[in-house]
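In order, the protein sequence lines correspond to chains W and D.
In our numbering, each number is its position in the first sequence, counted from 1, plus 8.
In our numbering, each number is its position in the second sequence, counted from 1, plus 13.
Heads up, the thing below is written out as structure tokens.
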Amino acid sequence: MTEIVARDAAQAAAATGVPTRPSRSWTEIGSEIGDRIYSWSITGFAAFVPILLLLIFLAVGLAAWPALRTFGFSFLTSSDWDPVAGHFGAAPAIYGTIVSSLLALLIATPLALGVAVFLSEFAPPWLRQPVAFGVDMLAAVPSVIYGLWGIFVLIPFLREFLMPFLRDTLHLGVLPLFNGPAYGSSMLAAGLILAIMCLPYISAVTREVLLAVPRSQREAAVGLGATRWEVIRDAVIPYARSGIIGGIILGLGRALGETMAVTMLIGNRHEISASLFAPGYTMASLIANEFSEATGDLHLSALMAVGFVLLLVTFLVNAIARWLVWQTAKER
Amino acid sequence: MATAQTTWGGAPSGRQRAVAERTQRSIRRRRVRSHIMIGLMYAAAVIAILPLLLIVIHLLRMGASSLNLAFFTQTQRPPGEAGGGMANAIVGTLILIAIASAVGLPVGIGAGLYLAEKRATTVRFLADVLNGLPSIVMGIFAWSLLVKPVKHFSALAGGMALGAMMIPMVTRTTEEMVRLVPISLREAALALGYSRWRTSLSIVLRTALGGIVTGALVAMARIAGETAPLLFTALGNQFWSTSLRAPIAALPLQIYNYAISPYDEWHTQAWAAAVVLVGIVLVISLAARVATRRRYGAGD
């Protein structure tokens, strides 16, 4: 009797589509297996991130080893880059990378902080959206298009107008920085384009940390009679300081590794020159420019070594920046 | 001032008046300074936007005069000859984006789920650092792993390099989006007897899908214009090729090669390519915006 009832129930269930209750242990086993498979697979995917990083270090480091072993420390200090004679020293590229990036930061930082404070504190709502969108778009423009624009618009402008103006009209030519013939392709061109390119990164992080500053901090300053600027200077910025510095260092990381626009504008010459008007080289542009035409294994390895130095530096810079931003965000 | 006089009883002394005046002056000075600084912030906003406007205007002006139907249907002509197009580069860029997405999206989304569920700080930190590494380093890395052993450049190597760049971006956006899903939703599903993996995939992931799609599209837009990782992997190709095992043309590579060439005809073509590339990036970005809006729309 009970058997028949059970069978009827099962048939009814099958007909109406309502599932009969399967044995509990099977469900449990099933979901346990499913959970385990799921857990393994997402762990596997997540493992890609550290493995990828490790592989990059290994692959580039191993390829760089012959050159690093041959030249040792002088690889970093020598400015003799001669593929024919087989001498490789990356000093001009390292110098160029540092100078162009610092120049970019010098120009971009005040602007980026200004924009970020403007957007988070002062901007009227109708202006906030378009300005924020515009700054975001600056980050979305591909690097090669900055380079294209730089070659055909920025460089003629520098050569015909800005460089003569700085050197002769403002008489800055007495300084070695602004001395010499006005080549278009120069450290200055690279610095300017890098400034435009790393501005959105600095301003985005700064905006983010400014938004994390509690309202009470501002209200307290206003309550003490501070003007709108004093609220920013004395209450908001000190609170967000380490995050802002993190943002600037993040911008530095971008500038150090930026390749295409710089390769197209810096003039690509192995020389350390005090003048910003002279062409130079950066580590990234050196690789981009010579890698596909590398003659011989040592040349290739030297380029890999440049890549390895760049990798190490940007890794450290990014790690420091992330740590600083994370510190501020943690206080939230 | 009047109240102060009554409280103190009597006319203010000379010293009091001097203090009051000094305070007034200092307040005025501070106000002026505040106005100046705010003015400077406005100026910063204008200066920051200026390059974008200049680039867009120039791009449109140059692009309008050099874009035509042939650009989309033909391949490149020999140097010095006007005309021709970049059909191969447009298709090549789309193929590279597809390969990169096939590699980067599943890994990125999986890793993002892991970060959101396990709260692994180290992996998140490494993803951020990976995200900041120069794209040229990704290029030489992909070269030494995928080009050097097989001794020929290929579309596959280029796509993989771009895909590797996508992984940390997609990972971080996926994590953020999954974290936005209310914990109560997860709890409700578990209480109804859903297993953990089904809760994660069909409740949490499904809820966060709009945001994840947005993140994926933003990452695709970013790698679409990348040039440096392709220099030694996809290499570029002046002929029509869709083979994954052969070098393939890509818009950014073509722009680079044409821009640094000495031929005026090629410069014109570079501008046309730039317009098309920005167009592709813009379409993907707009799609991302639509996906975001739909997500917020559904939430209300």
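C-beta: ideal position from N, C-alpha, C; glycine also.
This one's a predicted model, so the numbers in the text were calculated from it and none came from an experiment.
>> Assuming Lys315 (chain D) is part of the alpha helix (DSSP H), what are its boundary residues?
In response: Residue numbering for chain D in the displayed model covers 14 to 313; residue 315 (chain D) lies beyond these limits and cannot be assessed.
>> Determine, for Arg44 (chain D), whether the minimum Cβ-Cβ distance to residues of chain A falls below 8 angstroms.
In response: No chain A is part of this structure, whose protein chains are labelled W and D.
>> Using CA atoms only, rank isn't needed, just tell me which of W:Arg277, W:Leu260 and W:Gly288 is closest to Leu110 (chain W).
In response: Just measuring C-alpha positions, the residue of W:Arg277, W:Leu260 and W:Gly288 sitting nearest Leu110 (chain W) is W:Leu260.
>> List, in chain order, every chain D residue whose beta-carbon is nearer than 8 angstroms to that of Ile204 (chain W).
In response: Pro64
> Name the DSSP beta bridge partners of Leu258 (chain W), please?
Replying inline: Paired residue(s): none; Leu258 (chain W) is not in a bridge.
> Sorted by chain position, which residues of the same chain lie with C-beta nearer than 6 angstroms to Asp313 (chain D)'s C-beta, five sequence neighbours on each side aside?
Replying inline: Note that Asp313 (chain D) scores a pLDDT of 33, beneath 50, so its modelled location is shaky and nothing firm can be said.
>> For a contact defined as C-beta to C-beta under 8 angstroms, what are the partners of Asp141 (chain D) on chain W?
In response: Asn326 and Arg330
> Who are the Cβ neighbours of Leu180 (chain W) in its own chain at under 8 angstroms, not counting the five residues just before and after it?
Replying inline: Leu174 and Phe186
> Tell me the DSSP bridge mates of Asp90 (chain W)?
Replying inline: W:His95
> Looking at C-alpha atoms only, which residue of D:Met54, D:Gly171 and D:Thr305 is the closest neighbour of Leu264 (chain D)?
Replying inline: Ranking the options by Cα distance to Leu264 (chain D), first place goes to D:Gly171.
> From D:Thr220, D:Trp210 and D:Ile236, pick the residue whose C-alpha is nearest to that of Val194 (chain D); which is it?
Replying inline: Nearest C-alpha to Val194 (chain D): D:Thr220.
> Going along chain D in order, which residues have a C-beta closer than 8 angstroms to the C-beta of Phe323 (chain W)?
Replying inline: Val142 and Leu146
> So what does Ile261 (chain D) bridge to, in DSSP terms?
Replying inline: D:Leu248
>> Taking 8 angstroms as the threshold (beta carbon to beta carbon), is Ala24 (chain D) in contact with chain W?
In response: Ala24 (chain D) does not count as touching chain W.
> Leaving out five residues before and five after Ile297 (chain D) in sequence, what residues of the same chain have Cβ atoms less than 7 angstroms from its Cβ?
Replying inline: Leu230, Met233, Ala234 and Ala237
>> Can you look up His165 (chain D) in the DSSP assignment and give me helix, strand or coil?
In response: coil
> Taking the C-alpha atoms as reference points, what is the distance between Asp242 (chain W) and Val333 (chain W)?
Replying inline: 20 angstroms
>> Short of 6 angstroms in beta carbon distance, which residues of its chain neighbour Gly310 (chain D), apart from the five on each side in sequence? Order them along the chain.
In response: Only weak support is given to the placement of Gly310 (chain D): the predicted model assigns it a pLDDT of 43, under 50, and the question is left unresolved by the model.
>> Any C-beta of chain W within less than 7 angstroms: which residues of the region 240-252 of chain D qualify?
In response: Thr240, Ala241, Leu244 and Phe245
>> When you compare the CB positions of Thr186 (chain D) and Gly123 (chain D), do they come within less than 8 angstroms of one another, or not?
In response: no
> Does DSSP put Trp253 (chain D) in a helix, in a strand, or in coil?
Replying inline: coil
> Buried or exposed: where does Thr235 (chain W) fall if 16 or more other Cβ atoms within 10 Å of its Cβ makes it buried?
Replying inline: buried
> At least one CB of chain W closer than 8 angstroms to the CB of Ile110 (chain D): is that the case?
Replying inline: no
> At a cut of 8 angstroms, does the region 80-99 of chain D reach the region 157-170 of chain W through at least three beta carbon pairs?
Replying inline: no
>> Can you confirm whether the region 78-96 of chain W touches the region 252-259 of chain W when touching is taken to mean that 3 or more C-beta pairs between the two stretches lie within less than 8 angstroms?
In response: Judged by Cβ distances under 8 angstroms, the region 252-259 of chain W makes no contact with the region 78-96 of chain W, as fewer than three pairs qualify.
>> Using a Cβ-Cβ cutoff of less than 7 angstroms, which residues in the same chain neighbour Thr240 (chain D) once the five nearest sequence positions on both sides are dropped?
In response: Pro265, Leu266 and Tyr269
>> Here's a check: name, in chain order, each residue in its chain whose Cβ is nearer than 7 angstroms to the Cβ of Gln87 (chain D), leaving out the five neighbours to either side.
In response: Gly97, Gly98 and Ala100
>> Counting beta carbon pairs with one atom in the region 319-328 of chain W and one in the region 219-238 of chain W, are three or more of them shorter than 8 angstroms?
In response: Fewer than three Cβ pairs drawn from the region 219-238 of chain W and the region 319-328 of chain W lie within less than 8 angstroms of each other, which leaves the two stretches out of contact.
>> Give me the subset of the region 211-237 of chain W whose CB atoms are less than 9 angstroms from a CB atom of chain D, sorted by chain position.
In response: Ser211, Gly233, Ala234, Thr235, Arg236 and Trp237
> Which term fits Arg137 (chain D), buried or exposed, when burial requires 16 or more other beta carbons within 10 angstroms of its beta carbon?
Replying inline: Residue burial annotation: Arg137 (chain D) is buried, with at least 16 other C-beta atoms found within 10 angstroms of its C-beta.
>> Only counting the same chain, and skipping five residues up and downstream in sequence, which positions put a Cβ closer than 6 angstroms to that of Gly315 (chain W)?
In response: Val68 and Ile295
>> Please classify Gly27 (chain D) as buried or exposed, where buried requires at least 16 other C-beta atoms within 10 Å of its C-beta.
In response: exposed
> Are Leu73 (chain D) and Ala113 (chain D) touching if we call contact CB-CB under 8 angstroms?
Replying inline: no
>> So Ile261 (chain D) and Ala247 (chain D) are supposed to be a Cβ contact under 8 angstroms. How far apart are they, rounded?
In response: 5 angstroms
> Taking 8 angstroms as the CB-CB cut-off, is Leu113 (chain W) touching chain D?
Replying inline: no
> Between the region 74-82 of chain W and the region 129-147 of chain D, do three or more beta carbon pairs fall short of 8 angstroms?
Replying inline: As far as the Cβ criterion goes, the region 74-82 of chain W does not touch the region 129-147 of chain D, which means the pair count is below three.
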